[in-house]
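Heads up: the sequence lines are chains Y and C, in that order. At the far end of the first sequence sits residue 255, using my numbering, and the numbering has no gaps. At the far end of the second sequence sits residue 670, using my numbering, and the numbering has no gaps. Built from N, CA and C at the ideal position, the CB exists for glycine as well.
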Amino acid sequence: MQLMDSSHSNPMSLCSQADSQRTLYPYVTGTSVIGVKYKDGILMAADMGGSYGSTLRYKSVERMKPIGKHSLLGASGEISDFQEILHYLDELILYDNMWDDGNSLGPKEVHSYLTRVMYNRRNKFNPLWNSLVLGGVKNGQKYLGTVSMIGVHFEDNHVATGFGNHLARPILRDEWHEDLSFEDGVKLLEKCMRVLLYRDRSAVNKLQIAKITEEGVTISQPYSLKTFWGFSAFQNPTVGAEGSW
Amino acid sequence: MDLNAPHTMGTTIIGVTYNGGVVLGADSRTSTGMYVANRASDKITQLTDNVYICRSGSAADSQIVSDYVRYFLHQHTIQLGQPATVKVAANLVRLVSYNNKNMLETGLIVGGWDKYEGGKIYAIPLGGTIIEQPFCYWSLITSPFITGSGSTYLYGFFDQAWKEGMTKDEAEQLVVKAVSLAIARDGASGGVIRTVIINSEGVTRNFYPGDSLPLWHEELPPQNSLLELLHSSSPEPMNV
Numbered sequence: 011m012q013l014m015d016s017s018h019s020n021p022m023s024l025c026s027q028a029d030s031q032r033t034l035y036p037y038v039t040g041t042s043v044i045g046v047k048y049k050d051g052i053l054m055a056a057d058m059g060g061s062y063g064s065t066l067r068y069k070s071v072e073r074m075k076p077i078g079k080h081s082l083l084g085a086s087g088e089i090s091d092f093q094e095i096l097h098y099l100d101e102l103i104l105y106d107n108m109w110d111d112g113n114s115l116g117p118k119e120v121h122s123y124l125t126r127v128m129y130n131r132r133n134k135f136n137p138l139w140n141s142l143v144l145g146g147v148k149n150g151q152k153y154l155g156t157v158s159m160i161g162v163h164f165e166d167n168h169v170a171t172g173f174g175n176h177l178a179r180p181i182l183r184d185e186w187h188e189d190l191s192f193e194d195g196v197k198l199l200e201k202c203m204r205v206l207l208y209r210d211r212s213a214v215n216k217l218q219i220a221k222i223t224e225e226g227v228t229i230s231q232p233y234s235l236k237t238f239w240g241f242s243a244f245q246n247p248t249v250g251a252e253g254s255w
Numbered sequence: 431m432d433l434n435a436p437h438t439m440g441t442t443i444i445g446v447t448y449n450g451g452v453v454l455g456a457d458s459r460t461s462t463g464m465y466v467a468n469r470a471s472d473k474i475t476q477l478t479d480n481v482y483i484c485r486s487g488s489a490a491d492s493q494i495v496s497d498y499v500r501y502f503l504h505q506h507t508i509q510l511g512q513p514a515t516v517k518v519a520a521n522l523v524r525l526v527s528y529n530n531k532n533m534l535e536t537g538l539i540v541g542g543w544d545k546y547e548g549g550k551i552y553a554i555p556l557g558g559t560i561i562e563q564p565f566c567y568w569s570l571i572t573s574p575f576i577t578g579s580g581s582t583y584l585y586g587f588f589d590q591a592w593k594e595g596m597t598k599d600e601a602e603q604l605v606v607k608a609v610s611l612a613i614a615r616d617g618a619s620g621g622v623i624r625t626v627i628i629n630s631e632g633v634t635r636n637f638y639p640g641d642s643l644p645l646w647h648e649e650l651p652p653q654n655s656l657l658e659l660l661h662s663s664s665p666e667p668m669n670v
């Protein structure tokens, strides 16, 4: 055990003794999660892939889970850290229920709790390697927020993590509007998920769509999307320029 | 998203000889980091009328190597007065790869048919080694070569599925199945499957779009939308 003079040493090396369990880089990761507000509550979509580097190792990973009565949490990033977060939230909800006072934690509170957890871990250089989407409805109020692995948090009408920020949000900015119906919301999310399937290397063609309303949470069965490859340009792309791609 | 990352074809490419010629196969994904820059690329490129090359690794490097070799082979064909052999084409590729090994990052498969040796496949991995499966008995060679990132998923498959003396259709089915399996598990491979069959009669290009490929473990049949699934599971009440 080294004794370090804290005023001169590298702040990273002070942590080295307590280094035993740090997420230095992710191993099994989930890709984008997208969330939108709609007429009755929140709709969220995520595929079921758990990638191991560039290998699509696990294809039935549920990346969206209900939290308490009023919230739905979707996560991208390291799956083991997501499972740890679910464990913390389990405890949080348990203690909340034990009060037995007729009150229950709403999405805003859960989001705030997650923000504190993520930010404090970041400050200790031991982040939970996830980007989270938290959505819910309580007493008629819809709430949709996001927290990143460094504690950046905000709420909006539509949020996404990872590649979804680059590929899905522009579509949502164009086509989202207040009071979307369930059907329109699902079609919009599917449109975004299809683009992600074409253009994100870690996307997998098996997804779930979850909805949360005042009544409760429903997570759909896993299903796959049809893809389109029928452009004539795809048949013979190099016909004008042999040797290109 | 690192859009300045080099374009690579983390890829699955396959070359298989059969009784009478060769079948070359490839996926169609070109990535820039984690972004799919081209989902329908053509990785099987023509060098001469009877010799084609499958490209993997850096898109730029593999294109420039093919371009140089096509240029040399063109001049060689004129000087020779007849079509170049697959062996010459492969060795030219090897020379370019080997002599520039510090700068290039590309794995290639050269396949074709010529009148002297029939169908032949040569693999030229990073570094510029050239590998050709040697003759077996008197029947023509049937030997698979698989390189590219998706190929690690295929060694076991080929160990089990490979047999001597396949027909043209069997060989093509094998190639399509193999690329499809690699696409299922390799994030760097995807899109459509392109095959090129080369024999004494000429060259045939085939195209297998992503939605026509077989489904593997944990994959589900594609739907138009979740809404269709929801509506079909609650059937209309019967009217008497």
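If you draw a straight line from the alpha carbon of residue i to that of residue j, how long is it in whole angstroms?
| i | j | result |
| --- | --- | --- |
| asparagine 530 (chain C) | valine 481 (chain C) | 22 Å |
| valine 249 (chain Y) | threonine 460 (chain C) | 18 Å |
| tyrosine 111 (chain Y) | tyrosine 105 (chain Y) | The sequence given here places aspartate at residue 111 (chain Y); tyrosine does not occur at that position. Looking at the two C-alpha atoms, the distance is approximately 11 Å. |
| proline 232 (chain Y) | tyrosine 35 (chain Y) | 29 Å |
| cysteine 566 (chain C) | lysine 593 (chain C) | Confidence in cysteine 566 (chain C) is poor, its pLDDT being 19 and thus under 50, which makes the residue's placement too unreliable to answer from. |
| glutamate 562 (chain C) | threonine 634 (chain C) | 23 Å |
| glutamate 188 (chain Y) | aspartate 210 (chain Y) | 28 Å |
| glycine 548 (chain C) | proline 513 (chain C) | 13 Å |
| histidine 176 (chain Y) | serine 158 (chain Y) | 15 Å |
| leucine 182 (chain Y) | glutamine 151 (chain Y) | 21 Å |
| isoleucine 95 (chain Y) | serine 655 (chain C) | 31 Å |
| leucine 102 (chain Y) | isoleucine 483 (chain C) | 60 Å |
| glycine 645 (chain C) | proline 651 (chain C) | In the sequence on display, residue 645 (chain C) carries leucine and not glycine. Cα to Cα, the separation comes out at about 7 Å. |
| serine 234 (chain Y) | glycine 640 (chain C) | 13 Å |
| histidine 97 (chain Y) | lysine 75 (chain Y) | 12 Å |
| tryptophan 186 (chain Y) | asparagine 167 (chain Y) | 8 Å |
| threonine 39 (chain Y) | leucine 138 (chain Y) | 12 Å |
| serine 191 (chain Y) | lysine 47 (chain Y) | 10 Å |
| serine 573 (chain C) | glycine 542 (chain C) | Caution is warranted here: a pLDDT of 31 is assigned to serine 573 (chain C), below 50, making its placement in the model unreliable, and no coordinate value can be reported. |
| valine 518 (chain C) | phenylalanine 238 (chain Y) | 40 Å |
| threonine 441 (chain C) | threonine 515 (chain C) | 27 Å |
| glycine 487 (chain C) | leucine 534 (chain C) | 9 Å |
| tyrosine 501 (chain C) | asparagine 521 (chain C) | 14 Å |
Can you tell me where the alpha helix (DSSP H) with residue i in it begins and where it stops?
| i | result |
| --- | --- |
| tryptophan 109 (chain Y) | 89–109 |
| methionine 128 (chain Y) | 117–133 |
| glycine 174 (chain Y) | 173–185 |
| methionine 596 (chain C) | Neither: methionine 596 (chain C) is in no alpha helix (DSSP H) and is coded neither H nor E. |
| glutamate 193 (chain Y) | 192–209 |
| alanine 519 (chain C) | 516–529 |
| isoleucine 560 (chain C) | Counting along the chain, isoleucine 560 (chain C) falls outside any alpha helix (DSSP H), and DSSP gives it neither H nor E. |
| leucine 503 (chain C) | 489–510 |
| serine 242 (chain Y) | 242–245 |
Starting from residue i, find everything on chain C with Cβ-Cβ shorter than 8 Å and list it in chain order.
| i | result |
| --- | --- |
| threonine 248 (chain Y) | Asp472, Thr475 |
| leucine 299 (chain Y) | Residue 299 (chain Y) is absent from the model: chain Y starts at 11 and stops at 255. |
| glycine 240 (chain Y) | Pro639 |
| glutamine 245 (chain Y) | Phe637 |
| glutamate 200 (chain Y) | Ser655, Leu656 |
| glutamate 165 (chain Y) | The premise fails here: glutamate 165 (chain Y) is roughly 24 Å from chain C at the closest Cβ pair, so nothing lies under 8 Å. |
| glycine 253 (chain Y) | Thr475, Gln476, Gln493, Ser496, Asp497, Arg500 |
| valine 196 (chain Y) | Ser655, Leu656, Leu657 |
| threonine 171 (chain Y) | Correct list: empty, because the minimum Cβ distance to chain C is about 13 Å. |
Which chain C residues sit within Cβ distance under 7 Å of residue i?
| i | result |
| --- | --- |
| glutamate 193 (chain Y) | Leu657 |
How would you list, in chain order, the residues of chain Y whose beta-carbon sits under 7 Å from the beta-carbon of residue i?
| i | result |
| --- | --- |
| serine 461 (chain C) | Arg211 |
| alanine 608 (chain C) | The premise fails here: alanine 608 (chain C) is roughly 16 Å from chain Y at the closest Cβ pair, so nothing lies under 7 Å. |
| proline 651 (chain C) | Ser234 |
| valine 622 (chain C) | Trp239, Phe244 |
Closer than 8 Å by beta-carbon distance: list the chain Y residues that pair up with residue i, in chain order.
| i | result |
| --- | --- |
| tyrosine 498 (chain C) | What tyrosine 498 (chain C) touches in chain Y: nothing, since even the nearest Cβ is about 10 Å away. |
| valine 633 (chain C) | In chain order: nothing, as chain Y lies at least about 13 Å away. |
| valine 466 (chain C) | Tyr208, Arg209, Asp210, Arg211 |
| glutamate 648 (chain C) | Lys69, Ser70, Lys216 |
Can you name the start and end residues of the beta strand (DSSP E) that residue i belongs to?
| i | result |
| --- | --- |
| alanine 467 (chain C) | 465–468 |
| lysine 236 (chain Y) | Note, lysine 236 (chain Y): premise wrong, no beta strand (DSSP E); not H, not E. |
| arginine 459 (chain C) | First-last for arginine 459 (chain C): undefined, no H or E at that position. |
| glutamate 165 (chain Y) | 163–165 |
What residues from chain C crowd round residue i, counting only those whose CB sits closer than 9 Å?
| i | result |
| --- | --- |
| glutamate 101 (chain Y) | Simply none; closest approach about 32 Å. |
| serine 61 (chain Y) | Gly617 |
Which bits of chain Y does residue i rub up against, with CB to CB less than 9 Å?
| i | result |
| --- | --- |
| alanine 489 (chain C) | Trp255 |
Interface residues of the stretch 204–234 of chain Y facing chain C [CB-CB below 8 Å]: Tyr208, Arg209, Asp210, Arg211, Ser212, Asn215, Lys216, Ile219, Ser230, Gln231, Pro232, Tyr233, Ser234
The stretch 109–122 of chain Y touching the stretch 153–163 of chain Y, judged by at least three CB pairs closer than 8 Å: yes
Touch test, the stretch 490–505 of chain C against the stretch 463–472 of chain C, Cβ-Cβ under 8 Å, three pairs minimum: no
The stretch 441–449 of chain C contacting the stretch 503–510 of chain C, beta-carbon criterion three pairs below 8 Å: no
Short-range partners of chain C found in the stretch 36–49 of chain Y, where Cβ spacing is below 7 Å: none
Where the stretch 75–95 of chain Y meets chain C: residues whose CB sits under 9 Å from a CB there: none
Proximal residues, the stretch 523–557 of chain C versus chain Y, C-beta separation under 7 Å: none
Residues in the stretch 134–151 of chain Y having any Cβ partner in chain C nearer than 8 Å: none
At least 3 beta-carbon pairs within less than 8 Å: the stretch 605–621 of chain C vs the stretch 54–64 of chain Y: yes
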